[in-house]
Amino acid sequence: MANLHGMKMVTVICEELVRPVVERLLKEVGAHGFTVFPVEGAGQQGSRRGEMSEFRNVQFEVIVQPAVAEKLMERLQSEYFPRYTMIAYEQDVRVLRREKF
Amino acid sequence: MANLHGMKMVTVICEELVRPVVERLLKEVGAHGFTVFPVEGAGQQGSRRGEMSEFRNVQFEVIVQPAVAEKLMERLQSEYFPRYTMIAYEQDVRVLRREKF
Amino acid sequence: MANLHGMKMVTVICEELVRPVVERLLKEVGAHGFTVFPVEGAGQQGSRRGEMSEFRNVQFEVIVQPAVAEKLMERLQSEYFPRYTMIAYEQDVRVLRREKF
């Protein structure tokens, strides 16, 4: 049997310019690694219904223990969401572990 | 506690040329935003077993309420799958909300 | 109702040079297709705490039956993890099926 371990994957989508800010936060909360890749983001902005603007964004994916995910989400909500345009969400993942038991 | 909200993430993978068609559909079903990025897709096509062709595709990710996800999947199945080569799947995500309660 | 089918999505992140190795494995275990895209990976390496190196990686996403996911994870663990720097994880997805019932 493969040795799978329940973890949380947190995805953060932000403007390219904010990338170093998010990288620093990920290190501060104790993430051991992450991936990041460019995406185009489209979203409704302003008052006109049905119109979407497109942006150059980056998408971070980081796999962490549940307690780290909670700490990361709390800091995003209280410190970063008020200042930056960001999306953040969490999913359950089963991560393959290197170690054998 | 971070203010997380259960939503659906729908992923649609299609040929690059079909991108504007999917963008229009996402707006029609009421998505407020999405991300899109290029991927290479490899899949078995035709009759030769074990052979895969590679394609330039795009991958859409859109986060919506469950009712919007259902409407999107129904329209993909009835209107788009018969005409285009596409993959679509749905996952549960917990999205961080800007608003505080 | 959209015709959704419970499957597993396996994500494998590896160095770009290892890409053909993973592609061969995916075919061997019976995957019918996959997507792959470039990502930057950052991870702690070596002895210095808090330092992350960045790498050019690729991220594979493959949707398979649970039995195929298990076989893929087992082979990654026993044959590939000892030789390559890789991350692999599994998620539940509900895939839209082309066929109608």
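Protein chains in written order, with numbering that gives the first Met the number 0: chain A, 0 to 100; chain B, 0 to 100; chain C, 0 to 100. Even for Gly, the Cβ is constructed at its ideal location relative to N, Cα and C.
query, result
"Classification of A:Ala66 by the beta-carbon crowding that lies within 10 angstroms, buried from 16 upward", "exposed"
"Limits of the beta strand (DSSP E) - the one that B:Val17 falls within", "Segment: none, B:Val17 is in no beta strand (DSSP E) and carries neither H nor E."
"Positions along the stretch 14-39 of chain A whose CB lies within less than 9 Å of some CB in chain B", "Phe36, Pro37, Val38 and Glu39"
"Contacting positions in the stretch 61-91 of chain C - beta carbon closer than 8 Å to chain B", "Ile62, Gln90 and Asp91"
"Unbroken stretches of the alpha helix (DSSP H), 4 residues or longer, contained in the stretch 48-80 of chain A", "65-74"
"Burial state of C:Met0, where buried means 16 or more other Cβ atoms lie within 10 Å", "exposed"
"Pairwise C-alpha distance: C:Glu27 and C:Val17", "16 Å"
"Partners in chain B for C:Ala1, counting only beta-carbon separations shorter than 7 Å", "Glu69, Met72, Glu73 and Gln76"
"Integer-rounded CB distance, given that A:Tyr88 should sit under 8 Å from B:Leu25", "The pair is not a contact, with the Cβ atoms about 17 Å apart (cut-off 8 Å)."
"Buried versus exposed call for A:Glu60 [16 or more other C-beta atoms within 10 Å across all chains shown]", "buried"
"Same chain, Cβ closer than 7 Å to C:Gly5, neighbours up to 5 away in sequence not counted", "Asp91 and Arg93"
"Between the CA atoms of C:Arg74 and A:Val57 - distance to the nearest angstrom", "32 Å"
"Assigned exposure category for C:Gly29 - 16 Cβ within 10 Å defines buried", "exposed"
"Contact set between A:Arg93 and chain C, taken where Cβ atoms lie within less than 7 Å", "Tyr88 and Glu89"
"Backbone CA spacing between A:Val21 and B:Gly32 [nearest angstrom]", "21 Å"
"Alpha-carbon to alpha-carbon, B:Thr34 and B:Val11", "11 Å"
"Proximal chain B residues relative to A:Gly5, where beta-carbon distance stays under 7 Å", "By Cβ distance, chain B contributes nothing, its closest Cβ being about 14 Å from A:Gly5, past 7 Å."
"Element boundaries [beta strand (DSSP E), containing A:Arg93]", "Met85 to Leu95"
"When A:Ile62, A:Glu39 and A:Leu71 are compared against A:Glu14, the one with the closest alpha-carbon", "A:Glu39"
"Residues that B:Arg97 contacts on chain A, provided the C-beta gap is smaller than 7 Å", "Phe80"
"Between the CA atoms of A:Asn2 and C:Gln76 - distance to the nearest angstrom", "8 Å"
"B:Val11 at chain A interface by Cβ criterion, 8 Å", "no"
"Option nearest B:Met85 by Cα separation, candidates B:Gln64, B:Gly42, B:Lys70 and B:Ala68", "B:Gly42"
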